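Below is one structure, written out as structure tokens; the observations come after it.
There are 4 protein chains.
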Amino acid sequence: MLKTPEQYVESLRKFTPVVYMKGEQVASVPDETMFEPGINAVSVTYEFALLPEYAETMTAVSHVTGRKVNRLLHINTSQNDLLKKLEMTRLLCRETGCAQRYLCHDALNALYENTHNTDPKYGKDYHLKFLNYLEYVQDEDLTTCVAMTDAKGDRTRRPHEQHDPDLYLRIVDRNDRGIVVRGIKAIVTGAPYTHEIIVLPTRNMTEDDADYAVSFAIPIDTEGVEMVSRQAGRPGESGAPLTSRYGQATAQILFDDVFVPWDRVFLAGEWDFAGTLTESFATHHRLSCIGARAGLGDMLIGASVSLAEANGLDPQKTGHVRDKIADLIKFVESFYACGVTSTVFGSETRAGNFIPDPVYSNIGKLLQGTHIYDMFRIVHDTSGGILVASPYPEDMESPDVGERLNRYLQAREDIPADYRVSVARLLEDITASYQGGWYSVISISGGGSPEATRLEIMRKYDIDERKTLAEKISGA
Amino acid sequence: MLKTPEQYVESLRKFTPVVYMKGEQVASVPDETMFEPGINAVSVTYEFALLPEYAETMTAVSHVTGRKVNRLLHINTSQNDLLKKLEMTRLLCRETGCAQRYLCHDALNALYENTHNTDPKYGKDYHLKFLNYLEYVQDEDLTTCVAMTDAKGDRTRRPHEQHDPDLYLRIVDRNDRGIVVRGIKAIVTGAPYTHEIIVLPTRNMTEDDADYAVSFAIPIDTEGVEMVSRQAGRPGESGAPLTSRYGQATAQILFDDVFVPWDRVFLAGEWDFAGTLTESFATHHRLSCIGARAGLGDMLIGASVSLAEANGLDPQKTGHVRDKIADLIKFVESFYACGVTSTVFGSETRAGNFIPDPVYSNIGKLLQGTHIYDMFRIVHDTSGGILVASPYPEDMESPDVGERLNRYLQAREDIPADYRVSVARLLEDITASYQGGWYSVISISGGGSPEATRLEIMRKYDIDERKTLAEKISGA
Amino acid sequence: MLKTPEQYVESLRKFTPVVYMKGEQVASVPDETMFEPGINAVSVTYEFALLPEYAETMTAVSHVTGRKVNRLLHINTSQNDLLKKLEMTRLLCRETGCAQRYLCHDALNALYENTHNTDPKYGKDYHLKFLNYLEYVQDEDLTTCVAMTDAKGDRTRRPHEQHDPDLYLRIVDRNDRGIVVRGIKAIVTGAPYTHEIIVLPTRNMTEDDADYAVSFAIPIDTEGVEMVSRQAGRPGESGAPLTSRYGQATAQILFDDVFVPWDRVFLAGEWDFAGTLTESFATHHRLSCIGARAGLGDMLIGASVSLAEANGLDPQKTGHVRDKIADLIKFVESFYACGVTSTVFGSETRAGNFIPDPVYSNIGKLLQGTHIYDMFRIVHDTSGGILVASPYPEDMESPDVGERLNRYLQAREDIPADYRVSVARLLEDITASYQGGWYSVISISGGGSPEATRLEIMRKYDIDERKTLAEKISGA
Amino acid sequence: MLKTPEQYVESLRKFTPVVYMKGEQVASVPDETMFEPGINAVSVTYEFALLPEYAETMTAVSHVTGRKVNRLLHINTSQNDLLKKLEMTRLLCRETGCAQRYLCHDALNALYENTHNTDPKYGKDYHLKFLNYLEYVQDEDLTTCVAMTDAKGDRTRRPHEQHDPDLYLRIVDRNDRGIVVRGIKAIVTGAPYTHEIIVLPTRNMTEDDADYAVSFAIPIDTEGVEMVSRQAGRPGESGAPLTSRYGQATAQILFDDVFVPWDRVFLAGEWDFAGTLTESFATHHRLSCIGARAGLGDMLIGASVSLAEANGLDPQKTGHVRDKIADLIKFVESFYACGVTSTVFGSETRAGNFIPDPVYSNIGKLLQGTHIYDMFRIVHDTSGGILVASPYPEDMESPDVGERLNRYLQAREDIPADYRVSVARLLEDITASYQGGWYSVISISGGGSPEATRLEIMRKYDIDERKTLAEKISGA
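As given, the protein sequences belong to chains V, U, H and S, one line each in that order.
The numbers in numbering that gives the first Met the number 0 rise by one with no breaks, and the one at position 206 of the first sequence is 205.
The numbers in numbering that gives the first Met the number 0 rise by one with no breaks, and the one at position 131 of the second sequence is 130.
The numbers in numbering that gives the first Met the number 0 rise by one with no breaks, and the one at position 253 of the third sequence is 252.
The numbers in numbering that gives the first Met the number 0 rise by one with no breaks, and the one at position 46 of the fourth sequence is 45.
Following this line, the structure appears as structure tokens:
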């Protein structure tokens, strides 16, 4: 059953995760100011699912239970599901910057496919266990974080070749009841304020890496699990119109010989299915990244236009502004178009769910990750120095200088300074604060670096078909 | 009824157009060697329509006659028609470089919509006349060229402001039977070896420009029509594997007081429908440009891979080659994705036919036109100097030096020099000959310059929606 | 006489500027923690001038007094002076990020030239007064801020056309003793912790704007002057290795009918010399921007290499990292090369001082301002998520989790986690914190926007010479 | 003594090289129409050296003979020599497109340095022999081609690892009188119409490759030498204003057991000096490439401006044209600035001659080779379809249609069609004909591919210095 935002927040109280931040243990996650923007952002995924106008986008009927579920927990059963998921991601992120919860969707879909494929070869029942887990997550309308990125150690070595055997999370023991895992998962978005941790492998493995081929799901307050988190957004900061309300925490999760019962284990040593799981998740998730950043793009486009107008420049008539805004739109909508196309050419997996076309989702991710810098460039170019030089909000309201600042900072006669400065502050908040830094770094490295996407494009593109064509034409 | 390629060539003999080339009048178009590659390329559009494996892509059922027609003459009646048309364009152009005939499709669809919209306001029956004309073209399986680009004169002045009144094609007389037009249409692709000329206005007009708001269709050998054409491709040239077989002529068409009967007139003075006609054609045509250049992209990708391999470099393993080929794919498929997305979000016009989404088709065109240079850069970068320095074919076969050249120009042990040089020659042919120049210039300027597409993106994008979003978030 | 850093700080105590920050008046600038990084950065300009190894770069012999002065206060008397000044700027900024004080140099040189040229036409003695002022500044080894950017109001209107007459700083009264000015100057770098304010016009003027054509110098605590400042850097923040030590405050300066005596006035109504002053300053200053950002580039290159190595990747052997670092160097050194070339082709002004070649300094500025985003992209691409996801310093040292974090975050066997995280933190500090935002925004908009530099390139490049060449070759 | 252009052409008659083209042996090089543009271009290097206005740029005093020589044969003895050489290259190429003869300069300077360094280690007298050869070349004012690029075979294998031992030119025999060499040198610019062939190794070698470490100079008609050449430019073509007059032949040179006497041998087995010779030549030559393409850039800038004006667009006022031309200038002058800076920071070799700074010359070459595509893009964007669609010259002059074409193709009222079309034709000639292809391919691959320049930048840049800086700042 769909939770309300309030129920989501309340449900967090049932968990007692061990979370450290800035050297202190967090007493209560739902009461921690530094996580409030993160909780707010996830809350929006609950709120929108209950709004009639977003029903088609935000919800679906589970093919497992037949019940209505938040689309973020839905297994895609058609190309249209893929497209709706993309649109949902954009919708959520144009409101929140990054709503984080699509990570659940991407992990659930990848596990659905991968457990289905692993079982026949290895004589396992991972898929059945996963379906039970899925039903639980859907019915309880949970939020899970996805712990994937290992510490990785020396980048040129495989997991089993590292100087320290725990630099990738691994199985250190297994018995009748379950497995015991040790290690760390780095860069886990939103971890503290979720219900569950889904662990996925971060790369393909060889047989020697079998102990590192592990996937499972556990409650965030499982014994032996500790988190070290950064704050979410810029809570309490004046001059942060978006990120004082919405943000994302990023955490390291330490696993100190954590026990996982078998009914929550989805991969445990079947090394040749580690890479397929990673890849399947990546393909789903790159589509999420596309939608998310398109939502951010909507903000950038809108605010750039608003600020240009407040400066007295008509974005349709001032040539160089018009051309730059058009390019900003071009960047946003061209990577979004790759996302749309990856859903149009999405296909049914052997497990029966749908997955985006990997070439187009990877190209879209590559464009998004590299062009975010061009997008910021255009925003800064059309907006100018006011982005980092406007007075602090406290000064704008100060009895000493506020009135004069408001007088002088008005540009176009019919638009007050407050409008102009507010829009500038939004742009500063999302492109020139540490959150701007976060958006750019996460855009290029989160969900797959440019190099990773190029490798995947080359692996999945039908190069031989083009080669045959060229040979035929050239007579070679 | 669908013509065979042979019937198409034969049908050209029924026309006696006045065509000049290099200072001489062409005696017979179908027998002129310099046009052979152009005729060959159009023939492929007839050939493929008869092949069972391409039936779905290349043909459709006319909603006017209920008969099977070449899709190039079809009025789109669904989003799927738009997607099929895009795929058809790519298919034809990966075979021919540029098959030219989609211009018909784009003009017919634009006229279908525009005549429908013009009639109610002006009390005309253009739409009915157009339907008759459409039926004729479909039933006879004709090829038309599209004469749109005017001489334009001073770019800062409107048609009626030019120092010479004939710098845009205009109506100089009208009577009960029809209109008389004078002027020139420049850059008419494939003109000599088509059956009909469809004339469209090249821009929006003001009331003062009413005489320049004119559209009609006439046989290419209509009295008073003369063409000055360039050759098609590189007929007879050794070392031109593609363009000695397939090419495109570009012609200037002179109209010396040409009479057009009313049943062939589709716009004549209704100045406020000149711009809509131009724009509708442009939207359809930009999608064609996307498909066409994606086809060229297929050749570039395939040949670059083949040449790298012939040089001993594995495109999957040699890092800098792999990254460059991945980027080449990225450029091609990202503009193609904009095309696909423009069909997904295509919409029904008031006239009942379907038109691609203008934002995405313009973005795709913009990317295609500007990134063709990046595509050429990558091809040249991965291929190297052999592209312009391989010996002439005659030398490779010369008894004096041929054997030694073949020995020395072999790179990888198991791939003969001939393979390597043939592929290099294909790349030279399409990127470093005058045809390479043509492809790049036509990509950036044909079907709408970057500036024109940016203007259109700004006009059609829902900027206000984004502005409202930004205002809401910023509290402005 | 050259001051020591300590003397500089002490000298600030002689001034009592009115400075507001976050709604409060600052009690004492030199004791204000929030300005400490700014004061530190300026101090380096004093410190380095006293170091023997930097003597040639950091000092010069004043052609006015014959005494040794800080090169930042020197009037360039040769091309070599220009080159030395560029090298000095890079030297200072690779230490501090941005040392701010070159603004003095650029303003002094521009005033030297412009006062010399204004006097003959208007029968003034501005140049003589300026020389007196210059001698004072040099002998006292002062630091001045440069107040140039006006509020500007509606960007499409000239100063006198604004709805509020004070949106550009203007002369509201003049008498025997001096002038009275009113308005605001925005985005004044480093203002609170300088000794003097040099005011320059921000653009060219028409005769109707004569009251806005004004330039002068006054002590920062002149009556009627109030500042509203932002903090300098990130004082007190853990995890800010550079900017907790060095930073830049940006201030708005309010002028409430401030009186300026004639011996401190360098332009007052001679409207046709407003634009030349702006332009001269811009030409000098764009060279400073080039050197400054090259210094930042040095940090980015070094830290990217260090981090790659700490990750186990050899920047010389891992292909995609090598190519990206090479491109990072390319971006930095190509704009620096434009700076060097602008000094090589620098020329003597009519006033006798030397000015960089405007075409090359503008191209260098344009490259620097737009490619800073590519530089950040490469840094983020080669560094990855650790830039925004490393644990806070307090967590790395926490007794609860510090040891484990240090164990897991070690990558290459022989490089400790602390090294890796410290370097990552530096990159976060300068590319992904609000200071990273400041660097990017200031790079593109400070010292001249891309549009401004393009305009200047077009005005100063010898286009006619190239046109004549093309006409000759083409036979046109 | 400096030859006149006529004496140069006449001197070619003293040689009887074996040259094949299009399957035929060329009867007489100086009488071969297909080589005329090449001979013309080299002639300009003789012509300009005799013009008083170019004396300083085009000539120098040989430090070997004390006699005046063409600077193209001069050993650089100062930084100023390096700068003058750069300026000379630009001067020659803005007249001819590519004057080819700087290859001599670059090879002579590299051999000067390398022979000096080889002798002490190996107890040879190469340097003395080279000085004799240098004196001969200078005194006779000869032109040499430079044969460097080997066939290379499989790109992943070293010379001695190839399946065919002759895929790199090698020494097959040596005796008291000299050496015997076999193999091919590919892509030799201008070969047929030079006096001498200077052979250089194409890469660094290992001890196993010793037989491939070979450098020497021989007359072009030495027994056993045969050339297979492409034509130079577009001789006889109407519509080729530049390249019907000036062009470059590219040849393969076959060496069939060619004997070279010891006094013409400069490297023969000293394998560890093969790479240094290659690198030294590359460093000199990359500077030449920069100057050459800056000259081409001058034509592109001038013609783009002329054409825009002829179209009625003021390049200073039409925003998007202005910005594009400014970017065109930016591309040209930024790589040129790297050239200038490489001369400013040029240094004296151990042999006593001067060499450009390798980092800046490689960056300049990298920019030039990759941005040539951006330059072409801008040219095509601002010029439009007329570049590939203007009527043939014969049609413009045809009695049938010429008058009307001239009327219609006039754009701006006061500029005749002929001017507009002539300028368009120049741009077609150098950017959209096979010569345009040649310019782009040679720009990116000639003188060092982007990958080669990136490798060299990384090898020569002081990365450790930056790393130390970053470590110091970060406290790592």
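Yeah, the Cβ is synthetic: ideal placement off N, Cα and C, and Gly gets one too.
The structure displayed is predicted, hence computed values, not measured ones.
TODO: Report yes or no: do the region 418 to 433 of chain S and the region 42 to 59 of chain U share at least 3 C-beta pairs separated by less than 8 Å?
DONE: Contact fails: fewer than three Cβ-Cβ distances are below 8 Å.
Task: Identity of the residues DSSP links to S/E195 by a beta bridge - done: Residue numbering aside, residue 195 of chain S sits at position 196 when the fourth sequence is read from its first letter. The partner list for S/E195 (beta bridge, DSSP) reads S/T143, S/P218.
TODO: Identify every run of the beta strand (DSSP E) within the region 8 to 44 of chain U, keeping only runs that are complete inside it and at least 3 residues long; order them along the chain.
DONE: Fully enclosed beta strand (DSSP E) runs of 3 or longer: 17 to 20.
Task: Neighbouring residues, chain V, relative to S/L322 (Cβ below 7 Å) - done: Position 323 of the fourth sequence holds residue 322 of chain S. The sequence as given places Asp at residue 322 of chain S; Leu does not occur at that position. What S/D322 touches in chain V: H319.
Task: Distance, U/V68 Cα to U/V136 Cα - done: For the purposes of this step, residue 136 of chain U is taken as the residue at position 137 of the second sequence. For the purposes of this step, residue 68 of chain U is taken as the residue at position 69 of the second sequence. Their Cα atoms are separated by approximately 10 Å.
TODO: Taking a Cβ distance cut-off of 8 Å, strictly less, list which residues of the region 234 to 247 of chain H are near chain V, in chain order.
DONE: Of all residues in the region 234 to 247 of chain H, none has a Cβ within less than 8 Å of some Cβ in chain V.
Task: Neighbourhood of V/I178 by C-beta, 8 Å cutoff - its chain only, sequence neighbours within 5 removed - done: For the purposes of this step, residue 178 of chain V is identified with residue 179 of the first sequence, where counting begins at 1. The answer, listed in chain order, is I170, D172, V213, F215, F258, V259, W261, V264, A267.
Open item on the list: Check whether the region 106 to 117 of chain V and the region 272 to 280 of chain V are in contact - that is, three or more C-beta pairs closer than 8 Å.
Closed with: Contact annotation: the region 106 to 117 of chain V touches the region 272 to 280 of chain V, with at least three C-beta pairs closer than 8 Å.
Task: Candidates V/A98, V/L366, V/L82, V/A325, of which the one nearest V/I300 by Cα - done: In the first sequence, counting from the first residue as 1, residue 300 of chain V sits at position 301. Measuring from the Cα of V/I300, the nearest candidate turns out to be V/A325.
Task: Cβ-based neighbour list, S/F344, same chain, cut-off 7 Å, excluding 5 preceding and 5 following - done: Taking the fourth sequence and counting its residues from 1, the one referred to as residue 344 of chain S is at position 345. Excluding positions up to five away in sequence, the list reads D356, Y359.
Task: C-alpha distance - S/E139 paired with S/F254, whole-angstrom precision - done: Translated into positions along the fourth sequence, residue 139 of chain S becomes position 140. Translated into positions along the fourth sequence, residue 254 of chain S becomes position 255. Computed Cα separation, rounded: 25 Å.
- [ ] Using a Cβ cut-off of 9 Å, pull out every chain U residue sitting near V/Q315, in sequence order please.
- [x] The sequence position of residue 315 of chain V within the first sequence is 316, counting from 1. Identification of chain U residues near V/Q315 by a Cβ-Cβ cut-off of 9 Å yields L454, M457, R458, I462, ordered along the chain.
Open item on the list: Checking 8 Å against the spacing of the C-beta atoms, do U/H104 and U/L72 come in under that value?
Closed with: For the purposes of this step, residue 104 of chain U is taken as the residue at position 105 of the second sequence. For the purposes of this step, residue 72 of chain U is taken as the residue at position 73 of the second sequence. In this structure, U/L72 lies closer than 8 Å to U/H104 by Cβ.
Task: Extent of the continuous alpha helix (DSSP H) run through U/P119 - done: Here residue 119 of chain U refers to the residue found at position 120 when the second sequence is read from its first residue. Counted as a single uninterrupted DSSP element, the alpha helix (DSSP H) harbouring U/P119 occupies residues 101 to 121.
Open item on the list: I need the straight-line Cα distance from H/G351 to H/R70, nearest angstrom please.
Closed with: On the third sequence, position 352 is the one that residue 351 of chain H refers to. On the third sequence, position 71 is the one that residue 70 of chain H refers to. When rounded, the separation of the alpha-carbon atoms in H/G351 and H/R70 is 17 Å.
TODO: Evaluate H/N174 with the Cβ neighbour count: other Cβ atoms within 10 Å of its Cβ, from every protein chain shown; 16 or more gives buried, anything less gives exposed.
DONE: Mapped onto the third sequence, residue 174 of chain H falls at position 175. The residue is exposed, with fewer than 16 neighbouring Cβ atoms inside 10 Å.
Task: Distance CB(S/Q479)-CB(S/G37) smaller than 8 Å - done: Residue 479 of chain S lies beyond the residue range present for chain S, which begins at 0 and ends at 475; the question has no answer from this structure.
- [ ] Check S/T467 in the structure and name its three-state DSSP category.
- [x] Mapped onto the fourth sequence, residue 467 of chain S falls at position 468. In the structure shown, S/T467 sits in a helix (DSSP, three-state: H, G or I).
Open item on the list: Any beta carbon of chain S sitting closer than 8 Å to that of U/S444?
Closed with: For the purposes of this step, residue 444 of chain U is taken as the residue at position 445 of the second sequence. Yes, contact with chain S.
- [ ] Count the C-beta pairs between the region 371 to 385 of chain V and the region 297 to 313 of chain V that are closer than 8 Å, then say yes if the count reaches three, no if not.
- [x] Because the criterion of three Cβ pairs below 8 Å is met, the region 371 to 385 of chain V and the region 297 to 313 of chain V touch.
Task: Contact set between U/R424 and chain V, taken where Cβ atoms lie within less than 8 Å - done: Here residue 424 of chain U refers to the residue found at position 425 of the second sequence. Chain V residues near U/R424: S473.
- [ ] Indicate whether at least one CB of chain V lies closer than 8 Å to the CB of U/E332.
- [x] Residue numbering aside, residue 332 of chain U sits at position 333 when the second sequence is read from its first letter. Yes, its Cβ sits closer than 8 Å to a Cβ of chain V.
TODO: Just the C-alpha distance for S/P415 and S/Q409, rounded to the nearest angstrom, thanks.
DONE: For the purposes of this step, residue 415 of chain S is identified with residue 416 of the fourth sequence, where counting begins at 1. For the purposes of this step, residue 409 of chain S is identified with residue 410 of the fourth sequence, where counting begins at 1. Separation of S/P415 and S/Q409 (C-alpha to C-alpha, rounded to the nearest whole angstrom) is 5 Å.
- [ ] Identify every residue that forms a DSSP beta bridge with V/R181.
- [x] Taking the first sequence and counting its residues from 1, one reaches residue 181 of chain V at position 182. V/R181 is bridged to V/R169.
TODO: Kindly give me the distance between the Cβ atoms of U/G318 and U/S341, rounded to whole angstroms, as I take these residues to be in contact under 8 Å.
DONE: Counting from 1 along the second sequence, the entry for residue 318 of chain U is found at position 319. Counting from 1 along the second sequence, the entry for residue 341 of chain U is found at position 342. U/G318 to U/S341, Cβ: 35 Å. No contact.
TODO: State the start and end residues of the unbroken beta strand (DSSP E) segment that holds S/S253.
DONE: As a working note, residue 253 of chain S is residue 254 in the fourth sequence. Contrary to the premise, residue 253 of chain S reads as Leu rather than Ser in this sequence. Annotation for S/L253: the continuous beta strand (DSSP E) segment containing it runs 249 to 260.
Open item on the list: Using the Cβ count rule (16 or more neighbours within 10 Å means buried), how would you classify S/Q24?
Closed with: For the purposes of this step, residue 24 of chain S is taken as residue 25 along the fourth sequence, with counting starting at 1. Exposed: under 16 other Cβ atoms inside 10 Å.
Task: Inter-stretch contact at 8 Å, needing at least 3 Cβ pairs: the region 385 to 400 of chain H / the region 388 to 408 of chain V - done: Short answer: they don't touch.
Open item on the list: At the 8 Å Cβ level, is U/C337 part of the contact set with chain V, yes or no?
Closed with: The residue you call residue 337 of chain U lines up with position 338 of the second sequence. U/C337 counts as touching chain V.
- [ ] Identify which residue in S/I462, S/D165, S/M0 has its Cα closest to the Cα of H/M298.
- [x] Along the third sequence, one-based indexing puts residue 298 of chain H at 299. Closest option to H/M298, Cα to Cα, is S/I462.
- [ ] Pull up the distance between the alpha-carbon of H/I196 and that of H/A146, whole angstroms please.
- [x] Position 197 of the third sequence, counting from 1, holds the residue named residue 196 of chain H. Position 147 of the third sequence, counting from 1, holds the residue named residue 146 of chain H. Their backbone Cα atoms lie some 7 Å apart in a straight line.
Task: S/K21 to S/M226 span [Cα, whole Å] - done: Indexing the fourth sequence from 1 puts residue 21 of chain S at position 22. Indexing the fourth sequence from 1 puts residue 226 of chain S at position 227. Going from the Cα of S/K21 to the Cα of S/M226 covers about 12 Å.
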